[in-house]
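In the UniProt record's numbering, the protein residues as written are 1 to 340.
All C-beta atoms in this analysis are idealised placements derived from N, C-alpha and C, irrespective of residue type, glycine included.
Contents: one structure, followed by commentary.
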Amino acid sequence: MKLSIVDISPVPPGATQADALAHTIALARHAERLGYERYWLAEHHGTASIASHAPEVLIPAVAAATRSIRVGSGAVLLNHYSPYKVAEQFRTLHALFPGRIDMGIGRAFAGRIPEVALQRHRAQRRPVDDYGEQLVELIAWVGQEMPPNHPFAEAPILPDVPGAPEMWLLGSSPSSPHVAAQLGLPYAFAGFISPDGALAALRTYREEFEPTAAEKVGVKAPRAILAMHVVCADTQAEAEHLAMTVRCMYARLSRGDLGSRLATPEEAIAELGGLRHATDEPWPRFVIGDPERVRTALERMARETHAEEIVIQDIILDPAARARSYELLARAFDLTPRAA
C-alpha cells in the first residue's frame, strides 16, 4: 500500500515560522528517500503555530528540493479564490515539474478574521456558495477543455504545455463524496477531521462515481485516498507522549482557541490533566502507537474503505521525532526507498 504525507508545517518551541518551513523541505527530502508517494502542503490561516499558509508557494520550493516524489496542495481552499488564478498557478507548476504536481482542492472556513481578509469584496458579509460552479470551471481551465463557444475559451492557460496536474478533491463533509463522484475526480477523505464518516463517505463515492468526459483531469474509475492523524514511535509509550501535542490542539480548537502556539507534550499533559492513552475504538481521531499497532490499524482502515493509499498527517513538534515516525512507518509498510 502507498503512503503519503500532508504537512501543516507546525512551529516547534523556540523556532520561527521560517524554521518550520525549512523543516518541511528537509522532511520532504527525507520522505522521498524513504519511498513515500506524495508530499502535500496544507493551507491554514490566522495562526502563528502553523507555517503552511500558501501551498502554491511552498510546492515549487519542495519540488525543486526533491527529484521524484509527487508534490501538491492538501488543499487549496477554492472558495476563497478565482478558479482562473488557481489554474494558472497549477498549470505553471505542472510546466515546471511535469508529472509531479498534485492539485488538491477543497473548501473551508478560514477563521473569523482571515475569512474576511481573503475576500475581494469585503462588504459582502456572506459570500455566495458557488463552489460547485467553481470546480466545473477549474476543471475546464486546468484540462484546457473549455467549450469552444464559451467566452473563456479565448483565454487559454499555457496551451502548448501538454497534460495537466493531477487533481484531487479533498473533503470531510457528507456532501463531498457526492461532488467528487459526480465530477469523476479522485477523492481524498479527511479522516483526521471526521473519522466516523470515512466508511460512509468512501462507500458513497464509489457507488455514485461517474466517469468524466474531462480527459485530462478526471478519471475513468474511482480513486480514493484516506487521510488520518498518525503518531508512530519506537514504543507505545513514546507515541502516546508525542501525541499529547495534537490532543491538546484539538481540545483548544473545541474551545475556539485558534491562535495559541502548539503545546509541547509536557505542557499538554499538564493542561489536559494527565497523559491520554490510545484507545482500541475502530475509528479513532488519532492513530497512535508503535509500528505494528499503527500498521495493523491503517491496513484495516484501508481495507474497509477500499482506499488505495493512506495520507499521514502528524503534528509532532520535534523534527527528529517526525523524521523517525516517517522511517518507522516506511519500514512497517515495506516502502521501496528511492536513491538519493
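Three or more C-beta pairs below 8 angstroms linking the segment 205-220 and the segment 80-96: no
Three-state secondary structure assigned by DSSP to Val217: Val217: coil per DSSP, three-state reduction.
Per-residue DSSP class, three states only, for Leu43: The question names Leu, but residue 43 is Glu in the sequence shown. Coil.
Residue from Ile315, Gly273 and Glu37 whose Cα sits closest to the Cα of Arg338: Glu37
Nearest to Asp290 (by Cα), restricted to the options Ala332, Leu21 and Glu266: Answer by Cα proximity: Ala332.
Identity of the residue in Ala31, Ser52 and Tyr39 nearest Asp19 by Cα: Out of Ala31, Ser52 and Tyr39, Ser52 has the C-alpha closest to the C-alpha of Asp19.
Presumed contact (8 angstroms Cβ cut-off) between Leu262 and Pro10, rounded CB distance: 6 angstroms
Reduced DSSP category for Met244 - H, G, I as helix; E, B as strand; rest coil: helix
Cα-Cα separation between Pro177 and Ala320, rounded to whole angstroms: 36 angstroms
Whole-number beta carbon distance between Leu41 and Asp7, since they are thought to touch under 8 angstroms: 6 angstroms
CA-to-CA distance, Thr336 to Met1, given in whole angstroms: 11 angstroms
Residue burial classification, His44 (beta-carbon count within 10 angstroms, cutoff 16): buried
Extent of the continuous alpha helix (DSSP H) run through Arg293: Pro291 to Thr305
Bridge partners - Arg70, DSSP secondary structure assignment: Arg38
Validate contact between the segment 189-202 and the segment 165-176 using beta carbons, cut 8 angstroms, 3 pairs: yes
Bridge-paired residues (DSSP) for Val287: Val230
Buried versus exposed, by CB contacts within 10 Å (16 or more), Ser49: Answer is buried; the Cβ neighbour count reaches 16.
C-alpha distance - His121 paired with Tyr131, whole-angstrom precision: Rounded to whole angstroms, His121 and Tyr131 show a C-alpha spacing of 17 angstroms.
DSSP three-state assignment for Pro114, whether helix, strand or coil: It is helical.
Contact test: Arg324 Cβ vs the ligand ATP heavy atom, cutoff 7 angstroms: What this structure holds is no ligand at all, so the ligand ATP is not there to describe.
Spatial neighbours of Thr212 in its chain, beta-carbon cut-off 6 angstroms, leaving aside the 5 residues before and after: Gly184 and Gly218
Own chain partners of Thr47 with C-beta closer than 7 angstroms, once the 5 adjacent residues on each side are dropped: Leu258 and Gly259
Euclidean distance between Cα positions of Ala278 and Arg107: 30 angstroms
8 angstroms contact criterion, which Ile225 and Ala307 should meet: CB distance rounded: 6 angstroms
Contact check, residue 374 vs Ile25, beta carbons under 8 angstroms: As shown, the chain starts at 1 and ends at 340. That puts residue 374 outside it, with no answer to give.
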